[in-house]
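J.: Under the numbering used here, read the sequence shown as residues 339 to 419, first letter to last.
Glycine included, C-beta positions come from ideal geometry on N, C-alpha and C.
Sharing a structure with you now.
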Amino acid sequence: MYTYEPQGVCSREISFDIKDGIVKQVSFVGGCSGNLQGIGKLVEGMRIEDVIARLSGIHCGNKETSCPDQFSKALKKYVRS
């Protein structure tokens, strides 16, 4: 399980697992619970690259980032490690 501390958003932690390049078991601590549970379920089973492409650059209100965007940053960091 990989854990990431998002910046500039309401969620305080994003946890996920990766198996053979596929996103598994996504969970967020804090933030908009229903929306973030939905995002987690929607991306489970997807390839890392596809999730990054879909979620990267999404803004929340007037913020320059969002929980989905932060999740894409977490996945990018995972790929680089």
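Taking the alpha carbon of A391 as the point to measure from, which residue in Q375, K379 and Q408 has its own alpha carbon closest?
T.: Q408
J.: Could you give the first and the last residue of the continuous beta strand (DSSP E) run that contains G399?
T.: Segment: none, G399 is in no beta strand (DSSP E) and carries neither H nor E.
J.: Using a 10 Å radius around the Cβ and a threshold of 16 neighbouring Cβ atoms, would you call V389 buried or exposed?
T.: buried
J.: If you run the structure through DSSP and keep just helix, strand and coil, what is S394?
T.: Three-state result, S394: coil.
J.: Can you tell me whether DSSP reads D358 as helix, strand or coil?
T.: Three-state result, D358: coil.
J.: So what's S365 in DSSP terms, helix, strand or just coil?
T.: strand
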